[in-house]
Each structure stands twice: as structure tokens, then as C-alpha cells.
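Residue numbers (the working numbering), protein chains in the order written: chain A, 1 to 564; chain B, 565 to 714. For each residue, glycine too, the CB sits at the ideal point set by N, CA and C.
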């Protein structure tokens with residue numbers, strides 16, 4: 001492929017790709033996300049290829065391993081175009097029937113369809129399934145149509161058109177103005193306005209300037225950011241390229257862990273393809289804008305998600321946070337102006353440029369605009385990756401999209417924001433996905449939502465977070481290093497039936513000191529789940545301490561004692 | 565791993581001290597762990613003190629300073645797997661093979677690791693052994709799975 005030299009040529013290339021594709025040609029998309037692969041998607045893809053060959057349909061049917069559409073619960077997910085028939089939990093044994101009846105005879109196979117557990121109705125299409133119906137899938141909607149390893153697939157659904165528009169008709173200042181107007185806020189949790197950050201970096205005097213896409217996502221039980229990078233790496237790149245153009249940066253990095261080898265592989269391949277097509281490298285689309293983007297594999301550790309420790313680690317140092325006398329937009333990576341944004345911030349950028357800031361800012365609430373991609377997990381029926389507009393209530397997410405609690409158990413709590421987030425009980429479920437609202441309720445806008453039911457012990461869950469954090473604390477400041485250890489000691493005591501009167505008050509004091517005295521966001525937020533649980537689920541703690549009883553039957557020593 | 569290969573990897577990263585983490589990660593990908601001789605060579609080539617390298621290799625979770633067993637067991641202990649009973653699975657596997665997460669047994673048969681999230685929450689609790697995912701594990705099922713490995 002020769003490099004594309006102008007936005008006009010890009011449109012021609014796109015038309016070329018589209019004219020070579022017949023929209024009425026049958027095409028089979030199998031989700032090739034990590035979760036579906038683990039349930040056997042690779043075997044299903046291989047079976048489709050073999051069956052199509054066997055039936056002599058190679059020229060008439062396309063088969064692809066596509067990006068994750070989010071419905072991990074019912075994987076492997078297969079969608080058949082042009083009818084958009086959605087089959088769930090497909091096994092290699094089903095493949096020959098699908099090819100014979102659905103592809104050849106256009107018949108729908110009932111047993112592979114989604115069945116609504118409440119009404120018993122079957123859903124033929126993705127958009128009929130309640131899990132998808134209530135979502136607003138602006139970022140992840142095309143995933144199932146695209147092979148993440150194919151840049152042509154991305155171009156076919158309008159990819160890189162925002163970049164073309166920017167190069168053709170917008171100055172960097174206009175891009176920043178558009179992003180500011182859209183009120184796009186950092187998706188890492190703090191909710192800092194992206195446009196403002198970009199503008200400060202643009203105005204800052206140092207050269208060169210850097211941008212970083214934070215895809216570290218160290219939260220236990222969250223996978224949305226990494227799954228997004230895996231499923232749609234070109235959207236991430238397009239957002240980053242537009243960001244660099246606006247800021248005046250010549251180098252960008254994707255900071256990611258290698259627990260998901262496929263994520264790293266897809267990101268690296270996407271960069272290579274973008275270079276070949278002329279979206280990266282010198283004179284991008286014929287302009288005088290040059291840019292290189294690299295993948296940086298992190299060395300592992302929760303604290304690396306914190307901005308200053310992330311940058312220290314990229315410089316080859318020990319990833320300990322430092323006191324922030326300067327903003328990263330003035331002195332960031334290598335002491336040069338740097339914009340660090342979460343991956344989910346970057347993926348919204350092409351959308352804003354294509355749709356326009358006015359239309360983007362109409363989605364969501366006044367202060368929190370756009371959509372948010374969560375990984376919805378725990379004791380909920382439909383586990384998966386969901387994209388919802390800001391302003392949706394958590395009740396809708398858990399009960400309408402998530403399909404309620406597994407095994408008809410009772411809902412107990414929703415945990416949002418990971419080890420630095422909080423819990424909300426049932427009576428607060430009407431809370432909206434909104435930075436301010438969530439902050440007020442003690443939640444953080446992290447990528448993971450974890451549902452707990454009546455069989456989950458909140459005390460045990462908090463102990464789990466404290467154990468995790470005590471292991472992950474970098475050890476630099478005392479309130480975090482020692483505070484966590486002492487809190488954990490008390491929690492262990494409580495869950496082992498040795499809780500004492502006054503323990504809860506002591507925990508409160510410790511967490512308060514830690515909150516105000518720790519050096520970085522990790523230390524300051526480390527006791528948030530504890531504080532939230534003490535506020536909403538104090539009775540559970542009291543049952544552990546006073547009655548030596550674990551109401552959920554999770555804490556081993558206490559549950560066994562009860563059985564005797 | 566011989567010194568030539570180490571030098572190649574270091575040269576690929578322009579021999580800069582700042583690329584220490586990437587160099588170590590790449591060496592470990594090929595060698596599966598980081599023996600002292602390798603660290604000494606890296607120290608010499610990158611002009612970074614061995615103490616500094618030890619600091620780095622012990623600070624970051626990805627690095628391993630002891631050899632791996634023949635089979636690597638990864639048990640997901642993400643929050644979702646945890647609330648679905650991962651701790652019971654971990655306890656059972658620990659008892660069965662006699663080592664704790666992060667350790668390798670004396671016969672170098674197993675290395676046990678827990679991880680924060682494998683992204684397969686719908687299948688939890690999840691055990692991954694040599695790229696194969698064992699899903700929805702109960703402690704008893706986990707025992708059966710582990711016993712199959714020699």
C-alpha cells in the first residue's frame with residue numbers, strides 16, 4: 001500500500017475499499033476478544049473456515065475474527081451479515097448447520113438465539129437483545145464489524161475520516177476549541193477537562209512535546225480499557241494522532257501492560273499499518289505534521305497508573321510517585337510538556353470531530369458528557385463490556401443491561417472505581433453515571449463495575465482490596481505503606497473472629513490520616529472502599545465483631561464456627 | 565541465553581540506560597527469568613549499577629529472579645473472580661502443590677501466580693495454564709485440573 005498523500009486521496013481509498021465489498025455478500029463475524037477466545041472462539045473460526053471450504057463457498061462468504069462487542073457472558077458471539085443474525089455460545093459443532101441453513105438457505109437457527117429469561121422471547125438481532133438495547137454504543141458499536149487486525153475494515157466503517165477532516169479544514173486551535181466545547185473530561189476518574197489540558201500543553205514552551213495514552217488499567221476486576229485497545233486499536237490511534245496535531249506533539253506512547261498479549265499485538269500491528277497508510281510518520285496526509293507512536297510495555301504494578309510514577313517508569317526509573325510541584329503539561333515525561341490521557345478519553349476524540357462538539361455535548365448530563373465504557377462484572381447475569389451514556393442510573397445498568405443478579409439472589413452492593421473507589425447499597429442505585437454525583441457518593445469513575453449479592457461479604461471484599469493495595473503500595477510514603485498494613489491487620493482480626501470493640505473507630509482514624517497525609521492518589525484513595533463500606537454496611541462489621549458471625553457465610557473461621 | 569543475544573537486545577534499544585525496563589522485559593520473554601549473570605551483563609553494557617538493576621527488578625511485578633517451573637499456573641484473583649470464589653480455588657491449589665503465589669516448588673514442576681484480571685470475568689473463577697483457560701472453577705475442579713499435569 002502506497003502512503004496516502006492527502007485527505008482527498010483518503011476518501012478515494014475508502015471508496016475503493018467499499019466498492020470492492022458487496023454489502024449483500026454473506027459475512028460471518030466471530031468475536032475474537034480475549035474472553036470469547038477463552039471460550040473457544042478460535043476453534044469456531046477455524047471450523048467456519050473449514051466448513052466453508054468444504055462446501056465450496058470460499059468465494060461467496062467472508063469469515064473474520066472481529067473485535068469484542070461486549071457480551072462476554074454468552075461468548076463465543078457470532079454475527080452473520082447482511083441479516084445481522086446474532087448467535088450466542090456457538091460451538092464448533094454448530095458451524096456446519098449454520099453454514100448450511102443460515103448462510104445457504106437464510107434460515108434462522110432458533111436454539112442459538114438469545115432468549116429473554118423474563119419473557120421467553122427470542123431475539124434474532126444484536127439490537128433486539130436487552131443487553132445491547134439500553135446501551136449507547138458510539139465507541140464499541142462497530143467492533144463486531146471490524147477485524148482489529150485489518151485497517152481496511154476500519155476505513156470501511158468511516159475510520160480516519162476525523163483525521164482527514166482535521167488535516168483538511170481545521171487548525172490545531174480549532175481542534176482544541178472543539179474538544180473544549182464538547183466538555184470531554186478525562187476518563188481516568190478525576191474528570192479533568194481534556195481540552196483545557198491540551199491547551200495548557202500547547203501553550204507550554206518546552207519542546208518536544210509528548211502525549212501518552214494510559215492503558216495501564218491495574219484495577220483488579222476491570223478490563224474495559226485493554227479490551228477496547230484490543231478490539232479497536234485504530235480508534236485509539238486516530239484519537240491520539242488528532243491530539244498530537246492539536247497539541248503540537250511529535251511523539252506519542254501507549255502505556256500498556258502485557259497481561260493481555262493480544263492487546264499488545266493488535267496495538268503494534270495497528271501502528272505498523274497506520275505507518276504504511278501514511279497516518280503516522282512524516283508529512284501525515286500530505287501536511288507538514290510528523291508523528292511517531294510507540295507501544296510501551298509497563299513492568300507491572302498498580303501504582304504505575306498514577307501519572308508521575310507512570311512517567312518515572314517510562315524514563316527507566318523506579319515507578320514511585322513524586323510530589324507534583326509542576327503540571328505534567330509543563331514538565332512531564334523527560335521534563336517536557338506532556339499530555340497524559342486515559343485510553344477512553346482518546347477514543348472519544350474522533351467521535352467529537354466527526355459529530356461536532358454540540359452534538360457530543362448533548363449526550364449525558366450537563367457536566368459529564370458523552371458515553372462511558374465499563375466492564376460490568378461480579379454477581380450479575382450479563383457480564384461484559386458495556387457502553388452507556390453519562391446520566392444513566394446504575395439501577396438501569398445492573399438490572400436492565402446486566403439482567404439483574406445471578407440465581408435470583410438479592411442485590412447487596414455495587415462497587416465502582418476499583419480499590420480506590422467505593423460501594424453503594426441498593427437505596428442509592430438511582431445514582432447517575434456522572435463525575436460529581438459519583439464523587440459525592442464516594443465512588444470513582446473507574447472502568448470496572450462489580451456487583452455484589454447477598455452471598456458476598458463486604459468486610460471480606462474490603463479486606464481483599466486492602467490486601468491488594470498493601471502489596472501494591474510502592475512503599476515511598478509512610479501513611480500508605482504502614483497505614484495500609486495496620487488497617488489490614490485489623491481487618492484480618494475482624495474476619496477471623498478476633499475483632500475488638502473500638503476497631504471500627506480505629507479504622508476510621510487510620511483511614512482519615514492516610515487520606516490526608518499520603519503522597520499520591522493511590523495512597524489517598526486507598527481507604528475509600530473501607531470508608532464507604534463503614535458508612536453503608538456498618539452492621540456487617542458489627543456482626544463480625546460483636547456476634548462473631550459472617551452474615552454472608554464467606555469468612556471461613558466465622559462461618560465454620562456458626563455451623564458447629 | 566548467551567552474551568551475544570543480550571547484547572543484541574540491548575543494541576536494539578540503543579544501549580540507553582533509560583531503556584532498562586524494556587531490555588529486562590525482552591530478555592525475560594526469551595529466557596523466562598533473570599539470572600544474576602544476565603543482570604551483570606546488562607549492568608556492564610548499560611552502565612547501570614547492579615544495585616540499581618536489582619532495585620528495578622524487584623520493584624516491578626513482571627520480573628522474576630528465580631527460575632520457573634515446568635508448568636505455570638495463573639489463577640485470576642480479580643475482584644469479579646474473588647466474589648465468585650477465587651480465594652477458595654487459590655487455597656486449594658496452594659494446599660495441593662505446597663507453594664504460595666509467586667513461588668516455584670522444589671521439583672520445578674509448578675510455578676503459582678495470581679493475577680489481577682485476565683479479562684474473562686464471565687468465566688470466573690479462571691485458571692490459566694500454558695495458555696489454556698479453565699473456566700468456572702470450583703476448588704474440586706481445580707484440583708482435578710492441576711492433577712493432570714506432570
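> Looking at the structure shown, is residue 210 of chain A part of a helix, part of a strand, or coil, going by DSSP?
Replying inline: If DSSP states are grouped into helix, strand and coil, residue 210 of chain A belongs with the strands.
> Between the segment 458-489 of chain A and chain B, which residues of the former have a C-beta closer than 7 Å to a C-beta of the latter?
Replying inline: Hits within the stretch, in order: 461, 464.
> Does any residue of chain A bring its CB to less than 8 Å from the CB of residue 581 of chain B?
Replying inline: True, the Cβ-Cβ gap to chain A drops below 8 Å.
>> Cβ closer than 7 Å: which chain A residues qualify as neighbours of residue 717 of chain B?
In response: Residue coverage of chain B in this structure runs from 565 to 714, which leaves residue 717 of chain B outside it and unanswerable.
> Near residue 564 of chain A, which residues of its chain fall below 6 Å by C-beta distance, leaving aside the five closest residues on each side in sequence?
Replying inline: Annotation note: pLDDT 42 at residue 564 of chain A (below 50); position unreliable, coordinate value reported separately. Within the same chain, residue 564 of chain A has no close Cβ partners at all.
> How many Å lie between residue 713 of chain B and residue 194 of chain A at the Cα?
Replying inline: Those two C-alpha atoms are separated by around 51 Å.
> Residues of chain A with CB under 7 Å from residue 680 of chain B, in chain order?
Replying inline: Neighbours of residue 680 of chain B on chain A, chain order: 218, 220.
> Since residue 620 of chain B meets chain A, which of its residues come closer than 7 Å, beta carbon to beta carbon?
Replying inline: Per Cβ cutoff of 7 Å: 318.
> Quick one: is residue 73 of chain A near chain B, going by C-beta distance under 8 Å?
Replying inline: For residue 73 of chain A, the nearest CB of chain B lies under 8 Å from its own CB, placing it at the interface with that chain.
>> Please list the terminal residues of the continuous alpha helix (DSSP H) segment that includes residue 514 of chain A.
In response: Here the alpha helix (DSSP H) through residue 514 of chain A covers 503-517.
>> The alpha helix (DSSP H) that contains residue 589 of chain B, what's its start and end?
In response: Under the DSSP assignment, residue 589 of chain B falls in the alpha helix (DSSP H) whose first and last residues are 584-595.
> What are the start and end residues of the beta strand (DSSP E) that includes residue 172 of chain A?
Replying inline: Run containing residue 172 of chain A: none in the beta strand (DSSP E); it sits in the alpha helix (DSSP H), 172-182.
>> Taking its Cβ as the centre, do 16 or more other Cβ atoms sit within 10 Å of residue 562 of chain A, making it buried, or is it exposed?
In response: Summary for residue 562 of chain A: the model assigns pLDDT 49, below 50, so the residue's position carries little reliability; its value from the coordinates is reported in the next sentence. With fewer than 16 other Cβ atoms from the protein chains shown falling within 10 Å of its own Cβ, residue 562 of chain A counts as exposed.
> Name the chain A residues whose beta carbon is nearer than 8 Å to that of residue 628 of chain B?
Replying inline: Per Cβ cutoff of 8 Å: no residues; residue 628 of chain B is ~11 Å from chain A at best.
> What residues of chain A sit near residue 699 of chain B, judged by a beta carbon separation below 8 Å?
Replying inline: Those are 38, 39, listed as they occur along chain A.
>> Between residue 416 of chain A and chain B, is the shortest Cβ-Cβ distance under 8 Å, so that the two count as touching?
In response: The beta-carbon of residue 416 of chain A is placed no less than 8 Å from the nearest beta-carbon of chain B.
> At a CB-CB cut-off below 7 Å, which residues of chain A make contact with residue 666 of chain B?
Replying inline: The premise fails here: residue 666 of chain B is roughly 10 Å from chain A at the closest Cβ pair, so nothing lies under 7 Å.
> Name the DSSP beta bridge partners of residue 415 of chain A, please?
Replying inline: Per DSSP, A:423, A:450.
>> With H, G and I counted as helix, E and B as strand and the rest as coil, what does DSSP make of residue 668 of chain B?
In response: The answer is strand: DSSP assigns residue 668 of chain B an E or B state.
> Roughly how many whole angstroms lie between the Cα atoms of residue 512 of chain A and residue 480 of chain A?
Replying inline: In a straight line, the C-alpha of residue 512 of chain A is about 12 Å away from that of residue 480 of chain A.
> Under the rule that 16 or more other beta-carbon atoms within 10 Å means buried, what is residue 224 of chain A, buried or exposed?
Replying inline: Buried, because 16 or more other Cβ atoms sit within 10 Å of the Cβ of residue 224 of chain A.
> Can you list, in chain order, the residues of the segment 316-346 of chain A whose Cβ is nearer than 9 Å to any Cβ on chain B?
Replying inline: Taking 9 Å as the upper bound on Cβ-Cβ separation, chain B lies near residues 316, 317, 318, 319, 320, 334 of the segment 316-346 of chain A.
> Distance, Cα to Cα, residue 679 of chain B vs residue 411 of chain A?
Replying inline: Their Cα atoms are separated by approximately 27 Å.
> If you count every other CB in all the chains shown that lies within 10 Å of the CB of residue 664 of chain B, and 16 or more means buried, which is it?
Replying inline: Counting Cβ neighbours within 10 Å, residue 664 of chain B comes out exposed, since fewer than 16 surround it.
> Quick one: complete alpha helix (DSSP H) runs, 4+ long, within the segment 583-662 of chain B?
Replying inline: With a minimum length of 4 residues, the continuous alpha helix (DSSP H) runs that stay inside the segment 583-662 of chain B are 584-595, 600-610, 614-623, 643-647, 650-661.
> Mind checking whether residue 186 of chain A and residue 345 of chain A have CB atoms under 8 Å apart?
Replying inline: Yes, the pair counts as a contact, with Cβ atoms nearer than the cut-off.
> Run through DSSP, which three-state label would residue 243 of chain A get?
Replying inline: Residue 243 of chain A falls in the helix class under three-state DSSP.
> Going by beta carbon distance, what residues of the same chain come within less than 6 Å of residue 582 of chain A, once the five residues before and after it are set aside?
Replying inline: Absent from the model: residue 582 of chain A. The displayed extent of chain A is 1 to 564, so no value can be given.
> In terms of residues, what are the limits of the alpha helix (DSSP H) holding residue 308 of chain A?
Replying inline: Counting along the chain, the alpha helix (DSSP H) containing residue 308 of chain A begins and ends at 307-314.
>> Here's the rule I'm using: 16 or more other beta-carbon atoms within 10 Å means buried, otherwise exposed. How should residue 374 of chain A be labelled?
In response: The residue in question, residue 374 of chain A, is buried, as its Cβ has 16 or more Cβ neighbours within 10 Å.
> Counting along the chain, where does the beta strand (DSSP E) carrying residue 66 of chain A start and finish?
Replying inline: That run of the beta strand (DSSP E) goes 62-66.
> With respect to the beta strand (DSSP E) encompassing residue 698 of chain B, which residues constitute its N-terminal and C-terminal limits?
Replying inline: Start and end: 696-698.
> Of all the options A:204, A:101, A:493, which has the alpha carbon lying nearest to the alpha carbon of residue 327 of chain A?
Replying inline: Relative to residue 327 of chain A, the option among A:204, A:101, A:493 whose CA is nearest is A:204.
> For residue 711 of chain B, which three-state DSSP category applies?
Replying inline: DSSP places residue 711 of chain B in helix when its eight states are reduced to three.
> If contact means a Cβ-Cβ distance below 7 Å, which residues of the segment 252-280 of chain A contact chain B?
Replying inline: Taking 7 Å as the Cβ-Cβ cut-off against chain B, the residues of the segment 252-280 of chain A that qualify are 259, 260.
>> Give me the subset of the segment 356-382 of chain A whose CB atoms are less than 8 Å from a CB atom of chain B, sorted by chain position.
In response: Residues 375, 377, 378, 379.
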